[in-house]
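Asks: The structure's right below; bear with me while I get my questions together.
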Amino acid sequence: MRALIRIAITGAVLLAILALQLAVQAAFTEYVQRIVLLAGINVILAVGLNLINGTTGQFSIGHAGFMAVGAYGAAFVGVKLATPVHAALGPGVLADALIFNLALLAGALFAGVSGLIVGMPSLRLRGDYLAVVTLGFGEIIRILFNNATFLGSATGYFGDDPSGLPAYTNFFWVFAWAVAIIAVTHNLTFSQTGRSLTAIREDEIAAEAMATPTTRLKVTAFAISAATAGIAGGLFAHMQAGVRPEDFRFEKSIDMIVMIIVGGLGSISGAILGGIFVAVSLELMRDLQQYRLVLYALLLIVIMIVRPEGVLGTRELHHLFRRKKPAPPSPPSATPTEGA
Amino acid sequence: MSLLELRAVDKIFGGLHAVRGVSFGVEKGSIFGLIGPNGAGKTTLFNVITGVYTPEHGEIRFAGENIAGLKPAVIAERGVARTFQNIRIFRTMTVAENVMVAGHHLHKASIASAVLRTRAYERDETALAKRAHELLEILGLAELAGEVAGSLPYGSQRRLEIARGLMLSPQLLLLDEPAAGMNSQEARTLNEQIRFLRDQLGLTVILVEHNMAVVMNVCETIHVVDHGETIAQGTPAEIKTHPRVLAAYLGEETPEGADLA
Chain P
1 MRALIRIAIT GAVLLAILAL QLAVQAAFTE YVQRIVLLAG INVILAVGLN LINGTTGQFS
61 IGHAGFMAVG AYGAAFVGVK LATPVHAALG PGVLADALIF NLALLAGALF AGVSGLIVGM
121 PSLRLRGDYL AVVTLGFGEI IRILFNNATF LGSATGYFGD DPSGLPAYTN FFWVFAWAVA
181 IIAVTHNLTF SQTGRSLTAI REDEIAAEAM ATPTTRLKVT AFAISAATAG IAGGLFAHMQ
241 AGVRPEDFRF EKSIDMIVMI IVGGLGSISG AILGGIFVAV SLELMRDLQQ YRLVLYALLL
301 IVIMIVRPEG VLGTRELHHL FRRKKPAPPS PPSATPTEGA
Chain B
341 MSLLELRAVD KIFGGLHAVR GVSFGVEKGS IFGLIGPNGA GKTTLFNVIT GVYTPEHGEI
401 RFAGENIAGL KPAVIAERGV ARTFQNIRIF RTMTVAENVM VAGHHLHKAS IASAVLRTRA
461 YERDETALAK RAHELLEILG LAELAGEVAG SLPYGSQRRL EIARGLMLSP QLLLLDEPAA
521 GMNSQEARTL NEQIRFLRDQ LGLTVILVEH NMAVVMNVCE TIHVVDHGET IAQGTPAEIK
581 THPRVLAAYL GEETPEGADL A
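So the sequence lines, in the order shown, correspond to chains P and B.
Residue 1 is where the first sequence starts when you use my numbering, and the numbers rise one by one after that.
Residue 341 is where the second sequence starts when you use my numbering, and the numbers rise one by one after that.
Next up, the structure:
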């Protein structure tokens with residue numbers, strides 16, 4: 001019964017996204033549609049980064065590196081998969097969907113494994129080691145791609161076809177993935193695992209004294225966060241019809257950090273708002289030309305002065321509509337969350 | 341048989357011999373006081389027992405096994421719970437969540453089952469919340485379960501640390517100055533609560549405390565350290581009149597009327 005209800009909810013959500021896709025395509029110009037896609041990718045990046053930087057309190061400042069691994073991975077696998085899958089299934093929407101999602105998952109896997117490799121040594125230790133190591137990782141990855149001839153070196157990777165990578169990324173896939181990632185992150189955050197991650201952020205020594213396997217949890221959260229950035233990278237690659245090392249500079253990591261700090265570190269809904277904010281605000285100011293980044297910086301400074309904890313702080317949007325004090329003891333909600 | 345036994349434990353920080361050759365045994369089901377002037381090495385001993393520090397020499401046997409050098413999380417899992425002198429609660433989390441963090445052994449569900457919100461996950465979660473509520477009730481914090489822990493008054497935060505430690509279902513509970521910052525009424529309640537933990541939950545308790553009204557009242561055996569070394573052990577009555585203890589606390593020339601009670 002529960003399983004049936006969940007399948008029904010998942011189906012309804014997918015249909016709603018499909019309807020939204022049609023509406024967006026009908027209502028907006030290509031330019032606006034592109035911003036909407038970017039906003040969706042930003043949301044995935046921010047929600048994933050928030051899991052490690054916000055909830056767990058371990059600062060990664062090189063997440064663009066994981067996005068790059070996911071982007072190149074998904075692009076490369078997507079290109080290599082196209083021929084055998086098309087040979088087996090013929091061309092069509094279904095074959096494309098299969099190639100695209102397998103490519104995205106491959107990108108996520110590469111990024112997740114890189115996350116494990118980076119996280120295992122640096123998360124054993126307490127403190128800011130992760131920040132330093134991820135900073136280095138982000139640069140190393142970019143320089144590696146810059147020099148990898150089979151991936152196009154500095155020009156970037158555009159597949160074997162002169163017209164570039166097939167543009168699989170559309171509104172439906174971006175938002176289906178965004179909803180799935182938000183649902184997974186939400187369920188993870190509001191669970192015993194999430195409580196433990198928050199405990200690590202609040203006081204790692206006390207968390208250890210309470211039998212929390214801190215290293216294992218930190219590495220797991222970091223790998224999930226890296227894999228999420230990998231998905232975003234894959235969606236980005238197939239939106240651009242190509243990936244260039246230039247797309248994943250240090251500024252990209254900073255952009256992601258801005259998203260979660262503006263929205264409120266430790267809040268999933270904050271990360272969503274922040275992701276949209278960064279995509280939209282920069283575009284809205286495009287007419288200002290060279291003054292754009294000045295105004296953007298000013299805007300960030302103002303936000304930090306007015307609300308240093310971000311728009312939402314550590315709260316979630318839906319908590320604001322709840323009664324101030326939940327009746328103690330708060331038993332875990334029995335309501336299943338959508339998707340997942 | 342002793343539940344916890346320290347044998348000639350040494351802890352050295354650079355040139356500082358913080359603990360030197362300390363040995364004692366704590367009987368199962370007893371309330372054991374560890375006292376000494378500031379800087380005597382009491383908290384260091386707690387940190388050595390709970391695995392925060394590895395001792396340079398000596399053995400720490402808990403339930404018959406040497407636990408010296410094990411990681412804090414492993415020692416906690418084996419049944420040693422503690423509180424901290426400088427309160428270390430998870431400030432932004434609610435009171436109930438603070439306690440639930442220590443409930444890993446009750447929560448067998450995997451990360452995947454948490455993501456999918458399976459029945460097994462929800463059953464564990466309910467059991468965990470129920471247990472947390474019971475413990476909060478024992479410590480008189482049930483009404484505050486939904487409050488943000490950092491907003492609690494000092495004394496309640498100290499009791500929350502005890503409730504959180506109990507969530508580990510420990511055999512041994514180490515309390516580091518639980519009465520600090522409590523008024524005399526709260527300290528009296530604390531005495532009763534400590535006895536309750538021993539009598540009703542069968543816990544063995546080690547208490548580091550400066551409030552002598554608490555120590556002399558609840559402890560059956562008191563171990564006194566100064567400058568990292570043992571200077572006395574005995575019943576409260578013996579310790580109150582022990583010349584080396586009086587000297588350590590009050591200086592050599594104090595004649596009489598040393599009011600430790």
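Beta carbons are placed, not taken as given, at the ideal position from N, Cα and C, and that holds for glycine.
Small disclaimer: the values here were computed from a predicted structure and weren't measured.
Between A75(P), G92(P), V32(P), I140(P), which lies nearest to A108(P) when the distance is taken from Cα to Cα?
Replies: Selected option, being the one with the closest Cα: A75(P).
Asks: Let me make sure I understand the geometry here. Which of K368(B), G354(B), E405(B) has the alpha-carbon closest to that of R347(B)?
Replies: E405(B)
Asks: Under the rule that 16 or more other beta-carbon atoms within 10 Å means buried, what is G376(B), buried or exposed?
Replies: buried
Asks: Check whether the Cβ atoms of I61(P) and A131(P) sit closer than 7 Å, and answer yes or no.
Replies: yes
Asks: Is R498(B) near P518(B), with beta carbons less than 7 Å apart?
Replies: yes
Asks: Compile a chain-ordered list of the residues in the region 175-200 of chain P whose CB is closer than 7 Å to at least one CB of chain B.
Replies: V184, N187, L188, S191, Q192, T193, R195, S196, T198, A199
Asks: For T10(P) and H63(P), what's the separation of their Cα atoms in angstroms?
Replies: 30 Å
Asks: Please determine, among G480(B), V564(B), A485(B), the residue with the shortest C-alpha to C-alpha distance to Q533(B).
Replies: G480(B)
Asks: Could you round the C-beta distance between R418(B) and I407(B) to whole angstroms and report it? I think they count as a contact, below 8 Å.
Replies: 7 Å
Asks: Does the beta-carbon of R584(B) have 16 or more other beta-carbons within 10 angstroms, so that it is buried, or is it exposed?
Replies: exposed
Asks: With 7 Å as the threshold, decide whether the Cβ of T228(P) is near any Cβ in chain B.
Replies: no
Asks: Alpha helix (DSSP H) containing D539(B): first to last residue?
Replies: 524-541
Asks: Starting from the Cα of G379(B), find the closest Cα among P493(B), H582(B), H473(B), E569(B) and give me that residue.
Replies: E569(B)
Asks: I'd like the list of long-range same chain contacts for T288(P), defined as Cβ closer than 8 Å, with 5 residues on each side in sequence excluded.
Replies: Here the sequence assigns Leu to residue 288(P), which means Thr is not the residue at that position. Contacts found: L295.
Asks: Taking the CB atoms as reference points, tell me whether V366(B) and V359(B) lie closer together than 7 Å.
Replies: no
Asks: What's the call for F353(B), buried or exposed, on a 16-neighbour Cβ count within 10 Å?
Replies: exposed
Asks: What residue does the alpha helix (DSSP H) around G70(P) start on, and which one ends it?
Replies: Counting along the chain, the alpha helix (DSSP H) containing G70(P) begins and ends at 63-89.
Asks: Please confirm if P308(P) has its CB atom under 7 Å from at least one CB of chain B.
Replies: no
Asks: Can you tell me whether T575(B) is buried or exposed? The criterion is at least 16 other CB atoms within 10 Å of its CB, across all chains shown.
Replies: exposed
Asks: I need the straight-line Cα distance from L14(P) to G115(P), nearest angstrom please.
Replies: Rounded to the nearest angstrom, the two C-alpha atoms are 30 Å apart.
Asks: Round the Cβ separation of T383(B) and D516(B) to the nearest angstrom and send it over; I've been treating them as touching at under 8 Å.
Replies: 6 Å
Asks: Would you call the region 17-35 of chain P and the region 159-176 of chain P touching, i.e. three or more CB-CB distances under 8 Å?
Replies: With the cut-off at 8 Å, the region 17-35 of chain P and the region 159-176 of chain P touch.
Asks: Within 10 angstroms of the Cβ of D464(B), are there 16 or more other Cβ atoms? Answer buried if so, exposed if not.
Replies: buried
Asks: May I ask you to report which of helix, strand or coil DSSP gives Q289(P)?
Replies: Three-state DSSP puts Q289(P) in a helix.
Asks: Apart from the five residues just before and just after L89(P), which ones in its own chain have a Cβ nearer than 6 Å to its Cβ?
Replies: A95
Asks: Do T189(P) and T83(P) count as a contact pair if the criterion is CB distance below 7 Å?
Replies: no
Asks: Closer than 9 Å, Cβ to any Cβ of chain P: which residues of the region 506-524 of chain B, in chain order?
Replies: Correct list: M507, L508.
Asks: Name the chain P residues whose beta carbon is nearer than 9 Å to that of R405(B)?
Replies: The sequence given here places Glu at residue 405(B); Arg does not occur at that position. Within chain P, no residue comes near E405(B); the closest Cβ sits about 17 Å away, beyond 9 Å.
Asks: Going along the chain, which residues of its own chain have a beta-carbon closer than 6 Å to the beta-carbon of A271(P), five neighbours each way excluded?
Replies: A46, V47, N50, I260, G263
Asks: If you run the structure through DSSP and keep just helix, strand and coil, what is S330(P)?
Replies: Because S330(P) sits at a pLDDT of 42, beneath the cut-off of 50, its placement in the model cannot be relied upon, and the point is left open.
Asks: Quick one: which chain B residues come within Cβ less than 7 Å of E202(P)?
Replies: F430, R431, T432, M433
Asks: Just to confirm my understanding: we take T390(B), look at its own chain, exclude 5 residues before and 5 after, and list those with CB closer than 8 Å. What are they?
Replies: P412, I415, A416, V420, R422, L514
Asks: Closer than 8 Å is the cut-off here; do at least three beta carbon pairs connect the region 482-499 of chain B with the region 434-442 of chain B?
Replies: Between the region 482-499 of chain B and the region 434-442 of chain B, the count of Cβ pairs shorter than 8 Å is three or higher; the stretches touch.
Asks: Considering only the beta carbon of each residue, do R195(P) and M440(B) sit closer than 7 Å?
Replies: With respect to M440(B), R195(P) sits close: the two C-beta atoms are nearer than 7 Å.
Asks: Run through chain P and tell me which residues come within less than 7 Å of R504(B), C-beta to C-beta.
Replies: M210
Asks: Do you know offhand how far V388(B)'s Cα is from A467(B)'s?
Replies: 33 Å
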